[in-house]
Every structure is written in C-alpha cells, then in structure tokens.
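Peer 1: Pasting a structure here, questions to come.
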Amino acid sequence: MKYDNNQYNSYGNDSYGNDSYGNDSYGNTDPQSARGLKDYFRWFLRRFWIFLITLFGGFFLGLFIYSNSPETYQSYATIEIKRAKGSDAEVSEDEVIRMTGVGEILSASEKLKMPAIYVSIAESHLFANRGGVIRKSFKFPWEKDIGEIDSSTLSPANLGAMMREWVAVRWREDTTLMDIICTHSDPEVARDILIGVLQEYERSAEDSVVDNSEDALEYILESSNQIKEKLLALEKTKELYNRCMELSQQIRTTERGISEMEKRYLPKWPPLAEAKELDRILKQQFSNELQQVFRLSGDEKKFWDSNIENLENPESGDRINGEIQLVSTRASVLAREIDAEQRIFDNLTTKLKEGNFSKGFATKQFEILQPPNLPGMPIGPNQVKLLVQFTAGGAVLGVCVILLLGFLDPTIRTVSDLELLTNVPVVGAIPTGTFKGRGDSLALVNDANGPATEAVRSLRAGLTFLGDTRERCTFLITSALPGEGKSWVASNLALSFAKQGDRTLLIDADLRRPVHHETFGYSDKSEGLADHLSLGKSLKEVIQRSGLSDNLFLMAAGSRSANPAELLAGKQLPGLLEKLSEYFDRIIIDSAPMIPVSDSIPLVGLAQSVVLVCRIGKTPGAGVKRAVRMIHDNGTDPVGVVANGLPRTKTKRGYGYYYGYMGGGNYSYYNETGDPDEEATLTTVPSRSERKSPESEDDGSAVELK
C-alpha cells in the first residue's frame, strides 16, 4: 500500500468565510438556489413555536387594545349638490341646473373641508365654553387621565383643526349626493359639528353669489345668443319637415283615389294610370325633401340612421309609409322642443329687460336630504374586527420571522443541502438523541437495535462498499469545526467494524483534545501516538486491546505535545501507518477539526479514505465548503459525508429519520482547562469501574502484532 506525504499548508488561522471557496472548481452549488416549498415548510415546522407566540401575541394585543379603547360614535348627514358655480344660474324657480362634472363635485367636497369653516364652528355658540369637546382615544393603563378639556382652554384655530380631522366627506360616485360623517367619542358633539358644518357651508355659498350682477348679465347674454341660434336651426328643420308633411298628405289622398278606381276600372283606364303616375311623382318629391333634411342637420341624420332598421321591407313600397310615420313623429318632437326653447328665451329676455340680473343666484347650492342624526349605538371599537386584524397580523409576522431566520441561518439544515454544497455523497445519517455523558458514547453497546446503532451499521456498509480491506484500510474521520460528533462516529464505526469480524485499530489522533480514554475507559495517561512519534515507544507499548471486542484495538493520543501539527507532519507517521496496515484490516483515525488547527492536514494525504462529519443545524455551510476545499487542495477528496444530528420523527412502525432541521450553537475548541467538547452518548454503558483497567491486565492483554 502506497502513501503520499504531500506538501501541505496550515489553515489553522484561516477564516472560512471568504470567497476563495464560494464557487469552487469542483462544482459545488449553493444549496439556497435549490430550495423549494418543502424546505420552507420544514423551516415553518421547525420554528412553529415562533408562529404560535406571534399568533397568540397578536390576539392578546388586540384584546388589550379593545379593552383600553373608548367607544366612538358617528353622525351622518347627506346633501345633494345642485350648483357649484355662481355662473350656473337658475333660469326659473321650477328648474334647477344640476351639476354633473366630477371635478365640480370634488371641488364642492374640498370646500366642505376648508379650515375657515371649522374655525367658525369653534367660535360659534354651539361650542362656547363646552366641555368634553376633545375626542377620547386609546391610552395605556399607566397613562394619567387628564380629564375633560373645556373648549375655552383651546384656541379656535386649534379646536377647528381637530374638528377638521374628525369630519370625513364622501361622494357617492355617479350621483350628486355627498355624505358628511363626523366621528367622536361623544355622540352629541359629533352631531353638533355636522350642524355647524352645514350652516357655515350654506353661509359661505350665499356670500359667494352676492353682488354678482355682472356675471349674471354675462351669463344671460351668452345663454340668449345660444338659444337664439338653436331656435333658428330648429325652425329651419321644422320647415323642411312641414314640407314633407304636406307631401305625405297628398300621397295619402292620391293612394285613396287609386284604391277606389282599382275597384271599378281596369288597370289601363287613363285616369287610373294618371293617378298612379302622380303618386310616383309625389313619393319621389318626398324622398328628395327628406334628403335635404339629412344634409341640413347632422343630428337629424343620426336620428334617421338609428331608426332605419325599424322600416319594414326597404325594397318594397311599404318603406315610404314607415318614413311618413317617422316624419310625423319627428315633427311633433321638434315642435315641442321649439316651444321649450322659446319659453327659456322669453324668460331670459324678461330678466334682461327688468335688469334684476342676480335673481335666482342667491338660492341654495345644495339641499339637505339627511339632517345630522344623533348616534344611538357606538360603531367602535369592534372586538371581532380588532381580534381578527391583530391575530392575522401576528400570524403574518410569525411567518415572516421564520422565513427571515431561515434565510439568515448560515448552517446546513438538510441532507440535500449538504450534498449540493459539498458535491460529495452522504454515506451516513446519524439521528440526534439524549446524551448522558462523555464516557457513555458507544451506541452499539448501549442499544444494539436502536436507531443510532442502525445508522452506524449503515455507515459501515456504505464505507465497506468503497473497496476491499487493502484498498480501503485507513479511514480518517474529521470535521470542519469542533462539536460535530466526529469522535462519536469514529469510536462507534471502529467498534462496528470489529463486531463485523475485521481486525480494527482506533487511533486517537486529536492530540490537543483526546476523548477516547473516556469512551473506552483507559487512563488518560496511557502512552499512545504522541509517545511513539516523539519518544520512539514500540507499538506493543502504545496499542492496547479493547475490552468490548477481541477485534478492536486502541491507540491513545498519548502524552501532551507542545506542537501537535509538527509532530504529525514528521517522517515517522507514513511509516507507522504503512506498518499498521500489515496487522489490521481497518484503521480508524480520529483527527482534529480541519479549520481551527492544521493537525489533520498531514493525515489527509496519508489516509486512503477521508470521511467528513457535519452536524446538521450547527455547522455553517461556509465552514463545510472550506473543509472540503482544504481536503481537495491536499491531493484527495472526501469519500463521503456523515450527516450527524438528524431529528427523529415518529412513524407508524417505530422511529425513522427525516432530513429536517435542528438548531445548535458552535462550541469553542480550546480553553484553559483543556476539557473535551465532543458529543456525548445516546444511552448509558457500564461505568469504567466495572471494566478492566489497563494496569490490572497482564502482559497477555497487550496486542500481538504477528
């Protein structure tokens, strides 16, 4: 078996958050680009407690606001706008020129909101020294009650500004109706404000038309000219229709004569033939006169075009009868229209002669259809509406917070994310569990049929399929950061290989923070790897047999070294692994994390298979990418990734695993005491006092290398 002692660089102090490994050359993909609805749903399920907190928080907040909000009342009034401009004068007492322009309606609504109106209301007798004019609003229980404020303590400008905010003007679209609404905590105040608004608006409307004789004269003259021109056009059209009417009467007389003669004489009788020829000539003249009507007025042309379909059988002689009927009808309509325009013209002429130009201009520009009412029932606060709004708002806030935390979370959350990020297959999925202590981490001993044990066996099977014992003898188990469970995976994997019948050696190569002496119960002072590399201790002195399996052997970390990285980078390590491969089927090396220190860099180039352990919900994606990049830069690639800490879910047939979410925090790798900070166990195992200690064993307990 050949090992390459590759040249390596120390990454112990490098940051794993830089761009050097963001989109690397071997095809890693950002997992966020592959997120779908299932991932968002898992975020929601994982942090469902946030949704519940915001949901119930919104409900109770709405209940709190409802209980501390005063009752409010609304007074309504409805008016109908008749005229918005003084120039649109009434021409008679019976006729009202109603406004139809949207812009003029909106102009009238803005006039109802003029500040001067509300200042006048504040100065009126309705609010002279009146108490309780300030509208009550929501207040917190700890706020001091200032009591009722008298109107005399406020200036008319301030009180008017507040009243203006309490009043709303709404136009009913496509009508001339306008609703004026005042909202206040006192129903009588709301009603009196509307009464004042209508009084002041009416007064301002009357003032705007006083001394407006010049405008009235201009309007009367302009209207008179327009009506005179219209009368002339109508009279001319009426004359043409009268000519058509005369021809239609002659046609009727001729047709009656023809009908009488056809009963007595033959068709070729001379007087009958003459009568028919006269009827044809009269109808031709009728059609010519009708065409002159079309040419004279475009309105008449439109009228006839719209009624041409009512004429039956255009090809037959019945068409002329239909035209005669329409002529009669249209002539009657024109006669009535001429009479109406003549009356208007006579009225304007009378006003012009009398010189009373402003008559009719000082009438009301609006009519009150619904006087301001005294509210009997409060309109708010609406308990149901408040609770629905705040509860829905809390639910939306909870969903937004969950999504935000999901997008901001840098850790890997799913197995699919892990595979996309590393471009390396996941060869093992270890479920999370309840850890009892650092010395109780052997799942194969504690629960032989448990989920963690099955996961380890699946991992062993996946690694076994990579090749035979000669091709895949040495496995390096490492991680990007501390606290990801690499030591747990290494110890259980080694025991699993041993129980399978493979002669297995577990090497604790984490010289800075070894933990396997607690797992297997040997002394932390035992000689091991560091003693062999630095002091030349023999393999018989540094290798000991495990009491859990005859096929499992252990090599402790050994004495503490001041420079672990330099020690592992020495020339002795390649020869050691070469020699150990002659005596063991499987060699499991538990090394230090990749990013904090560079101790594992030499081992990457020597091991036949590198397995990277990642803690789901704890390891940042950038850290995993950095570790994979470091392994790649040292001449190899990981054979697989182990997803550790997957949540368990209850199924009908027992417990299964889903690639879901789990939170977790980073641990500090080194401290003054040097306490290890690796994962603990799923269940308990026999205590160290119940096992054989290395000191109590005879020489026969040492491993036989041959």
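Note that the working numbering has the sequence shown beginning at 274, numbered continuously upward.
Quick reminder that beta carbons are idealized off the backbone N, C-alpha and C, glycines included.
1) Given Ile524, which residues of its chain have a CB within under 8 Å of its CB, disregarding the five upstream and five downstream residues?
2) With DSSP run on the structure shown, which of helix, strand or coil describes Phe576?
3) Please state whether DSSP places Ser410 in a helix, a strand or coil.
4) Within this structure, are the beta carbons of Ser393 and Glu473 separated by less than 8 Å?
5) Going by other Cβ atoms of all chains shown within 10 Å of its Cβ, with 16 needed for buried, is Tyr538 buried or exposed?
6) State yes or no: is the C-beta of Gly918 within less than 8 Å of the C-beta of Thr684?
7) Roughly how many whole angstroms lie between the Cα atoms of Ser496 and Asp452?
8) Would you mind reading off the limits of the alpha helix (DSSP H) that contains Ser380?
9) Roughly how many whole angstroms lie between the Cα atoms of Leu310 and Trp316?
10) Is the number of C-beta pairs between the stretch 778-789 and the stretch 858-870 that are closer than 8 Å three or more?
11) May I have the straight-line CA-CA distance separating Leu806 from Leu850, to the nearest angstrom?
12) Between the Cα of Leu691 and the Cα atoms of Leu642, Glu344, Glu757 and Val914, which residue gives the shortest distance?
13) Report the start-end ranges of each beta strand (DSSP E) in the stretch 691-778 that is 3 residues or longer and not cut off at the edges.
14) Is the stretch 657-677 touching the stretch 333-340, taking contact as three or more C-beta pairs under 8 Å?
15) With DSSP as the reference, label Asn917 as helix, strand or coil.
16) Determine the closest residue to Glu704 out of Ala728, Asn719, Asp312 and Thr687, with distance taken between C-alpha atoms.
17) Between the stretch 855-862 and the stretch 738-750, can you find at least three pairs of beta-carbon atoms closer than 8 Å?
18) Is Asn561 buried or exposed, if buried means 16 or more other CB atoms sit within 10 Å of its CB?
19) For Gly774, tell me which candidate among Leu563, Arg733, Ile378 and Ser882 has the shortest Cα-Cα distance.
20) Is Asp783 a contact residue of the ligand FMN, with contact defined as CB to any heavy atom under 7 Å?
21) Between Ser424 and Arg403, is the Cβ-Cβ spacing less than 8 Å?
22) Among Ala763, Glu800 and Pro755, which one has its Cα closest to the Cα of Ala900?
23) Buried or exposed for Lys759, going by 16 or more other Cβ atoms inside 10 Å?
24) Using the three-state DSSP reduction, which class does Phe332 fall into: helix, strand or coil?
25) What is the rounded straight-line gap between the Cα of Phe1020 and the Cα of Arg516?
26) Please report the residue range of the beta strand (DSSP E) in which Leu885 lies.
27) Can you tell me where the beta strand (DSSP E) holding Phe400 begins and where it ends?
28) I'd like to confirm the pairing. Which residues does DSSP put opposite Val440 in its beta bridges?
29) From the DSSP output, which residues share a beta bridge with Ile816?
30) Could you work out which residue in Phe314, Leu325, Glu353 and Phe324 is closest to Gln638 when comparing CA atoms only?
31) Please state if the CB of Ile611 and the CB of Lys511 are separated by a distance shorter than 8 Å.
32) So, do the stretch 533-547 and the stretch 641-655 have three or more beta carbon pairs nearer to each other than 8 Å?
33) Please classify Val375 as buried or exposed, where buried requires at least 16 neighbouring CB atoms within 10 angstroms.
34) My understanding is that Arg802 touches Ala830, with C-beta atoms under 8 Å, so please give their C-beta distance in whole angstroms.
35) Can you tell me which of Pro644, Arg603 and Gly330 puts its alpha carbon nearest to the alpha carbon of Arg464?
36) Expressed to the nearest angstrom, what Euclidean distance is found between the alpha-carbon atoms of Ala395 and Phe411?
Peer 2: Taking the structure as given:
1) Asp552, Leu555, Lys556, Phe559, Ile593 and Ile597
2) helix
3) Residue state, collapsed to three classes: coil.
4) yes
5) exposed
6) Against a cut-off of 8 Å, the Cβ pair of Thr684 and Gly918 comes out as no contact.
7) 33 Å
8) Here the alpha helix (DSSP H) through Ser380 covers Val375 to Lys384.
9) 10 Å
10) yes
11) 12 Å
12) Val914
13) 699-704 and 747-752
14) A contact exists between the stretch 657-677 and the stretch 333-340.
15) strand
16) Correcting the residue type first, residue 704 is Pro in the shown sequence and not Glu. Between Pro704 and the set Ala728, Asn719, Asp312 and Thr687, the nearest pair of CA atoms involves Ala728.
17) yes
18) It is exposed - the Cβ of Asn561 has fewer than 16 other Cβ atoms within 10 Å.
19) Arg733
20) Among the components modelled here there is no ligand, and therefore nothing to report on the ligand FMN.
21) In contact: Ser424 and Arg403 (Cβ atoms closer than 8 Å).
22) Pro755
23) buried
24) helix
25) Here the chain comprises residues numbered 274 to 979, so residue 1020 is not present and cannot be evaluated.
26) Ser882 to Arg888
27) Looking at the DSSP string, Phe400 is not in any beta strand (DSSP E), and its letter there is neither H nor E.
28) Cys455
29) Met828
30) Measuring from the Cα of Gln638, the nearest candidate turns out to be Glu353.
31) yes
32) no
33) Under a 10 Å Cβ-count criterion, Val375 is classified as exposed, with fewer than 16 other Cβ atoms of the shown protein chains found around its own Cβ.
34) Note that residue 802 is Leu in the sequence shown, not Arg. A Cβ-Cβ separation of about 6 Å places Leu802 in contact with Ala830 under the 8 Å criterion.
35) Pro644
36) Rounded to the nearest angstrom, the two C-alpha atoms are 24 Å apart.
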